[in-house]
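Novice: Would you mind keeping the following structure in view while I ask a few things?
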Amino acid sequence: MSQFTEALVVTPLADGKSWIIYKDFFYDVGEEGSGDRIQVDLGFVTDFASVPRFLWWALPKWGVYGNASVIHDWLYWTQKRSRQESDNIMLEAMTVLEVNPIIKKLIYYAIRSFGWWAWARNEWDREAGLNRVAKDQIIDHEAKSNRPGLLKRTMEQVMPVKDDAEKAIEEKITTNKNKDVDATKVVVNENLQKKKAIKNEKASATEDNL
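Note that our numbering has the sequence shown beginning at 839, numbered continuously upward.
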């Protein structure tokens, strides 16, 4: 049978939502000594189970399945295996931990149905330059995770953040528009002044004739 080969050692970060791996953590897939070993690196920041928020009341992020959740979270981060294989390893690891069969199935169906979002989030995080392995935070008890929330990261994909070049172009366009508006105001004011002067001249001529 597959096996966790080390005890899971973690410490919480100051944000109260994330934990950091305090010691390399291993899991042998298939059976112990199979040669297919997963290593979760020291310093990996995890939030445990990739369970949708609306299911937390029934399936909290931490439970008997905690060790399996860390392995699954790591697999979703590294993405060196397919999402299907990662979910199957989660199922296998929960069996090793003797998780209640009903809970095990619920978690498995939850990650199969909704895990694509967590998978995509990890892709977006990497593209944004985020590194979830933060060894420098291990001894920093005031450290917080700098990982954006799921909704925030998703909104960034729907409404991408503009880069400096795009901002510069927009500023230039806005500046030019403002200049055009100012120039138009000057022309209008000049025309009004001319009309006013002509009107005054006519009024003066009329008075002289009288």
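The beta-carbon is built from N, C-alpha and C at its ideal position, and this holds for glycine as well. Please read these numbers as outputs of a predicted model, since none were measured by experiment.
Starting from R875, follow the beta strand (DSSP E) in both directions and report where the run begins and ends.
Specialist: Along the sequence shown, one-based indexing puts residue 875 at 37. R875 to V878 is the span of the beta strand (DSSP E), which, as asked, contains R875.
Novice: What span of residues does the alpha helix (DSSP H) with D925 cover, start to end?
Specialist: For the purposes of this step, residue 925 is taken as residue 87 along the sequence shown, with counting starting at 1. D925 -> alpha helix (DSSP H) spans R921 to V934.
Novice: State buried or exposed for K1034, treating a residue as buried only when at least 16 other CB atoms are found within 10 Å of its CB.
Specialist: As a first step, residue 1034 must be located in the sequence shown, where it is residue number 196. Classification for K1034: exposed.
Novice: Going by other Cβ atoms of all chains shown within 10 Å of its Cβ, with 16 needed for buried, is W912 buried or exposed?
Specialist: Start at 1 with the first residue of the sequence shown, and residue 912 comes out as number 74. By the neighbour-count rule (16 or more Cβ atoms within 10 Å), W912 is buried.
Novice: Could you tell me whether the stretch 939-952 touches the stretch 856-872, using the rule of 3 or more Cβ pairs below 8 Å?
Specialist: The stretch 939-952 vs the stretch 856-872: no contact.
Novice: Using DSSP with H/G/I as helix, E/B as strand and the rest coil, what is Y865?
Specialist: Within the sequence shown, residue 865 is the residue found at index 27, counting from 1. Reduced to three states, the DSSP call for Y865 is strand.
Novice: Tell me P850's beta-bridge partners as DSSP assigns them.
Specialist: On the sequence shown, residue 850 is found 12 positions in, with the first residue counted as 1. Beta-bridge pairing links P850 to W857.
Novice: If you follow the alpha helix (DSSP H) that G904 is part of, which residue opens it and which one closes it?
Specialist: To locate residue 904, count along the sequence shown from 1; it is residue 66. Its alpha helix (DSSP H) spans residues G904 to T916.
Novice: If A972 and V883 are in contact, beta carbons under 8 Å, what's the gap, nearest whole angstrom?
Specialist: Position 134 of the sequence shown, counted from the first residue, corresponds to residue 972. Position 45 of the sequence shown, counted from the first residue, corresponds to residue 883. Confirmed, Cβ separation roughly 6 Å.
Novice: Can you give me the start and stop residues for the alpha helix (DSSP H) that F952 sits inside?
Specialist: Numbered from 1 along the sequence shown, position 114 holds the residue referred to as residue 952. Unbroken alpha helix (DSSP H) run through F952: P939 to E965.
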